[in-house]
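Worksheet: the structure to be examined is printed underneath.
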Amino acid sequence: MAKLISFLLLALTTAHADTLLLRGAVVHTVAKGTLETGDVLVRDGKIAAVAARIDEKADRVIELKGMHLYPGLVSAGTDLGLVEIPALRAAVDDRETGEFTPEVESWNAVNPDSELIPVARANGITHFAPIPQGKFITGSSGMMAARGWTIEDMLVRRHTAMHLVWPGHSLKIPGPNTPTDAKSLDEQSRERKEKVREIERFFADAEAWGKRDAKAAKVPAWEAMQPVLRGDVPLIIHADGQREIKAALTWSESRPKLRIVIFGGRDAWMHAEELAKRKIAVVYTEVFTLPVRSSDSYDVQFAAPSILHQAGVSVAISEGLDRASASGQRNLPYIAAQAAAFGLPADAALASITLVPAQIHGVADRLGSIEPGKDASLFVATGDILDIRSQVKQLWISGVEQSLESRHTRLAEKYRNRPKAK
Amino acid sequence: MKIVLVLAALALPVLAVDSSIRPPGWRPLEASSHALTNARIVVKPGVEIKKGTVVLRDGRIVAVGEKVAIPDDARVHDLDGATVYAGFIDAYVTFAKSTREAPADGGPPVNEGALTSGATAPFLGVNSAAGGPGAKSVVTPERRMAREHAPSQKSLDALRNEGFTAANVVPDAGVIRGTSTFVTLASSDPDVAILKPDTFQHVSIDAPRSGGDDEDRKPRPYPASLMGVIAVVRQTFLDARHQAADHAHFAKHPKDRPRPNVDTSLEALLPAADKKMPVLFEPASVLMVERAAHLAREFELQPVLLACGQEWRRPELARAAKAPFIVPLDFPEVAKMPEDDDWQAVPFETLRAWDHAPGNAALLRREGIEIALTTHGLAKRSSFRANARLAVARGLSTDDALAALTTIPAKICGVADQLGTIEPGKIANLTVVENGGYFDEKSRVREVWIDGRLFPAALKDEKDKKEAKEERKTLTATPAQQDRGPLLSPKIIWIKKATIWTCGPKGKIENTGLLIVDGRVKAVGSIEQAPKDAYVIDLPGIHVTPGLIDCHSHSMIMGGVNEGTLPSTAMVRVGDVVNSESETIHQQLAGGLTIANLLHGSANPIGGQNCVIKLRDGAAPEDLKLKGAPGGIKFALGENVKQSGWGDAFKSRFPQSRMGVPAFHTNRFTAAQHYMAALAKKDGPPVRRDLELEALAEIIRGERLIHCHSYRQDEILAFLRVMESFKVRVGTLQHILEGYKVADEIAKHGAGASAFSDWWAYKLEVYDAIPHAGSIMRERGVLVSFNSDSSDHARRMNLEAAKAVKYGGTSEEEALKFVTINPAKQLGIDKTVGSLEPGKDGDFAIWSGHPLSTTSICLQTWIDGKQYFEREAAKRRAEARNTERLALIAKAKKLASSSTDDKGGDEKAKARFFFRTLEERQNHLCVDCCMERTLSWQN
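Dropping the structure here:
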């Protein structure tokens, strides 16, 4: 059937210039399984056809026998572009002050010439969602391509998600490192309930504002909330602990229109059933952080994505928002690989860094899989992309081949060529 | 002869005082002769008179027995139905108000002006007589509680009401705290109360409080870490002895040498240093109990220990201390959690500690340790009896409990000739209890007698009485070490068929076998038949590698990874603070790791001494240490040591630039040369042993390896050249991010390079770091390893090695060596570990597939031919722990919610519930550590 559609598409658009045929690779479509040997036809920056064999004349044919073809990896949430060097305040733009700042837009601060972007791209990352951080409602993110002359050039789509950092539910405990004026546990408990109420008040106010006369004065913050309240844009809730996740789930039950996604999700596996039932996706960022309980199994977080997946939760895997994650983006496939080694099926592991993040951010019509009609953002690797030893050989974003050079390859070359010291 | 006569003359009026007439208006002195009749008399634990009489006169016991003649002038006290014990002694009492202001933050800041590179001696240009600059305020051996004793009547009443008649009053602040004084509790007048002016010298071993939040970080005085505290204690004892020796030398050579210093602090420490006064160590955790014992052995001291309450974690360490313990009964009280889910965040270890606590005293007795009980740590001394009963319910015999209040504290405090039993000639201190024995629930303290004077106990409000719940009287938790230690220890292990990566000359061999006998590799190769009695490992498709080695770890270090106060802290030792209780050991074993090089952080140009350990999970710190590993020390260069990321309060310590770093190193090495020259001299005044310079001298002599945190190529070369000028070969350059730029120079110098696989751009000096670096350095002849510097990465060093294949094009076999034989060579331990060759230690990991593949997982990890990790066993362990955790939560909930009055609880005991020991306070540092993070209970 797929073949037939591609054939029809081909028939409609034959004899167009600027076509590229990728021939004979192991094609990991993600959406429709893997073709052990397959061809992919690219036309005008889009994937025109995917089939075991495409006998179409193309402007350029690349033989990829024995190579693996993947859709570009999509980073579900990162500091990439917002942070160059975390230790230098001047080079950090990933966080705003203020408790409710929905009008903040992360893509405005992405540096297209960040040295970090080519490094990520060289390992197959073609797209990423730069996440604004802050107190509660931190702002909205868009989906960016890992190339472009300007931010507008890089943007695939603006406003693909709104972000809510769920207030921490940990209690400050009395002890040698706690200030003596620490509040009582009950007081802390009241405060954390109050914070949740504050969030609810904000949403209620935003909703009320949305019902005002269309001619009323504009308020950027309230306006930014409207697509979220309508359910047009997902609300990504950043929550790791069991208590935070549970509280976020409880709160969101009263607002069924919201499209909730859990980001972080360290303990999300404890609520796998509910998440599955409510079709709440999880961006799991905690594969490589240490277990927090000494009664946890050593592999609790290696195995968490697999537990979520088995329960039927849609899982994306991400490096998280630790500031070192911008420079560490290239390790994205290896985080998914660890989850795969500990039970996540290989295809789900691949989807967790391609199609699922594209779906979460509402760009699956263009990204995340090798399917006709989607952007020709793909790359060639010498082997399984989840295996560290595999090399990315060629990469295209929207049909345009991208350089795999980076600050690293340049420096490596320079010093490999340094004459032997006397 | 004359003197004796004078003494005799003085003695007469002293005796006369008791019968003297007081001036009119004063209450006449009370009768000095008393007979306590018809009482049950417990002469000493285990020896009692069912019904008898005790006669007191002039503050002494003069007779005791069933039938004793009652003197005519005695007041007779009919104690029918009551029990008379020897007066109770509390060997560790702090009174509410100390007259001395405790240094809340550890004392004044470091005298930074003095920390220049100009001085070579004494220690960093500052007189370090009291343990180093800044240490003065926590080193106060001269403090005497005898000079400060001024208790309020209320505080004396509180003790007497519980039956106490004498106490040892202790100093409450600092590291070397001063001397305690032994008093009877009759009077607040020190001249009357003091029985023994100086009982013990007190030494506390605890991590100094960390500073405020990250934002308002300020310089802290030395010592700011637990290992710094231990170094201070060692240096101060050395200095005390040195001063004495120096003065002795001066007495013989008064004219031909400089006059020695007189430091009265050191003088005050001398009795303890000379074993003339016991030293009361106050370790903050069970592993510090071991360190206290270690210090006592090193300096041949006479130790007494204050129990930390966590001895149940490692009873064998308490036993090995071979010293009596003073045991507080400050049991944690379970706090009510605001919400049910909050219970899930209560750490397993917290619950366990709470459950074990009341059994600690009984456990110490079972270990054969002499114990004395104390009211110390209780918010209200009135809860002492209830807690003592709880300790009895948990297995402490009443005889032992009684001894712990009488004979043992008397003995420990050196007053057994005067107190502790009811015997003629002893001080008339008695504790009288009615309605049963002291440890019976219904009994009450009726009165105490102190120095022959009667003190009736206050009538207590019965509502105050808080008895432990029944559930508290039984133990639910398992022993701490139950699920640790080797899973298997077969004499012979035979891996039948596997792909074996020897990391030795034989390379990788497919379809072969491995034979381990008596913990060592016997043979690599196919064997036809299973050796007799061999433990056979026959798993499909497995790969076997040597146990992985991490050349840069901060994982199992307690009480601070950095002593970052001074620019050189060569005197501190990670080996003093190895955390054998860390869960990271298990987690890293699960990634095939068997050896870790525990390094001091990178906060100063010269850091502390390292410690190489094998991850023998369950072993105590000393047994984790890899015997035979050469000593090492951490050095650092660049941004961290010039404090560029520390905040604006850190702008005066030398060095503040990369120019100053080599200047500083040159200075300290020159100082070490001077020190060596002084030591080499045969005559002259005794040389003060300087622990900092001693470590640096070891480097110069080639006995200690430098592991230097280094980033930029300029600083790397500058450092190598300074070291070469002292003929020192650097052991490893750590991180060495720009090492690829000066690989030839590094190779020529002969330093190893221990690098990150692919970290970069987290700070400015790593902007040029590249993942090809390891491979490039290797190609140019440098011995390269990859390290973790992170408790996370240490769980997958094999995958770090794979990155050398990916980015640098290094072959798989060579890449694996980056985490096996190469770090072994760098650490000087390659004779026994790092590869699978006959004769080497049986340290290996078994993988489900290719060890460099992300889809492979570690199935088993073996050290010395013992199995320490096995995946299925690990699962069972986690399940058992979780079951236990849930059972403890259920118990805690029950006891917390059944408390009728929430405010009625003891706040201090509730705070204690949350207390996390040094062992539990994991450092949250990840990569490149120079700054400690504030620890919190976040999960």
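Note that the protein sequences, when read in sequence, are chains G and B. Under my numbering, the first residue of the first sequence is numbered 960, with each subsequent residue one higher. Under my numbering, the first residue of the second sequence is numbered 2, with each subsequent residue one higher. Backbone N, C-alpha and C fix where the C-beta goes; we use that ideal spot for every residue, glycine too.
Minimum Cβ-Cβ distance from residue i to chain B less than 8 Å
i, result
"G/LEU1060", "A quick correction: the sequence has Thr, not Leu, at residue 1060 of chain G. For G/THR1060, the answer is no, since every Cβ of chain B falls outside 8 Å of its Cβ."
"G/PHE1301", "yes"
"G/ASP1346", "yes"
"G/GLN1092", "no"
"G/TYR1257", "yes"
"G/HIS1086", "no"
"G/ALA1371", "yes"
"G/GLN1297", "yes"
Given residue i as reference, the closest of the options once Cα atoms are compared
i, options, result
"G/GLY992", "G/GLY1321, G/LEU1309 and G/LEU1326", "G/LEU1309"
"B/ALA531", "B/ALA458, B/ILE496 and B/GLU448", "B/ILE496"
"B/VAL767", "B/MET289, B/SER711, B/ARG872 and B/TRP313", "B/SER711"
"B/VAL575", "B/ALA232, B/GLU699, B/LYS155 and B/GLY593", "B/ALA232"
"B/ALA459", "B/GLY453, B/GLU448, B/ASP452 and B/ALA469", "B/GLU448"
"B/HIS773", "G/GLY1302, G/ALA1104 and G/SER1365", "G/SER1365"
"B/SER581", "B/SER286, B/MET338 and B/LEU860", "B/SER286"
"B/TYR741", "B/VAL305, B/GLY753, B/ALA321 and B/ARG913", "B/GLY753"
"G/LEU1075", "G/PRO1045, G/GLU1166 and G/ASP1172", "G/PRO1045"
"B/TRP313", "B/PRO325, B/LEU288 and B/HIS295", "B/LEU288"
Burial state of residue i, where buried means 16 or more other Cβ atoms lie within 10 Å
i, result
"B/HIS203", "buried"
"B/GLY565", "buried"
"B/VAL290", "buried"
"B/ARG23", "exposed"
"B/SER556", "buried"
"B/PRO152", "buried"
"B/SER812", "exposed"
Listed by chain order, chain G residues near residue i by CB distance under 8 Å
i, result
"B/PHE727", "By Cβ distance, chain G contributes nothing, its closest Cβ being about 22 Å from B/PHE727, past 8 Å."
"B/ILE777", "ALA1371, TYR1374 and ARG1375"
Rounded separation between residue i and residue j - CA only
i, j, result
"B/MET660", "B/PRO606", "12 Å"
"B/GLU584", "B/ASN788", "20 Å"
"B/VAL433", "B/ALA32", "19 Å"
"G/HIS1230", "G/ALA1296", "23 Å"
"B/LEU374", "B/PRO316", "18 Å"
"B/ALA187", "B/LEU887", "50 Å"
"B/LYS895", "B/SER383", "24 Å"
"B/LYS68", "B/GLN419", "24 Å"
"B/GLY639", "B/LEU765", "10 Å"
Residues that residue i contacts on chain G, provided the C-beta gap is smaller than 7 Å
i, result
"B/TYR768", "ILE1044"
"B/TYR741", "TYR1374"
Beta carbon proximity, residue i to chain G, threshold 8 Å
i, result
"B/LYS509", "no"
"B/LEU765", "yes"
"B/THR855", "yes"
"B/VAL834", "no"
"B/PRO772", "yes"
"B/LEU800", "yes"
"B/ILE596", "no"
Interface residues of chain B facing residue i [CB-CB closer than 7 Å]
i, result
"G/LEU1075", "ALA762"
Chain B residues whose Cβ lies nearer than 9 Å to that of residue i
i, result
"G/PHE1247", "ASP793, HIS794, ARG796 and ARG797"
Residues that residue i contacts on chain G, provided the C-beta gap is smaller than 9 Å
i, result
"B/LEU734", "Those do not exist, as B/LEU734 stays about 16 Å from chain G at its closest Cβ, beyond 9 Å."
"B/ASN883", "ARG1252, SER1254, ASP1255 and SER1256"
Contacts that residue i makes with chain B (C-beta to C-beta distance below 8 Å)
i, result
"G/GLN1350", "LYS807"
Test: residue i CB closer than 8 Å to a CB of chain A
i, result
"B/ARG886", "The question asks about chain A, but that chain is absent: this structure's protein chains are G and B."
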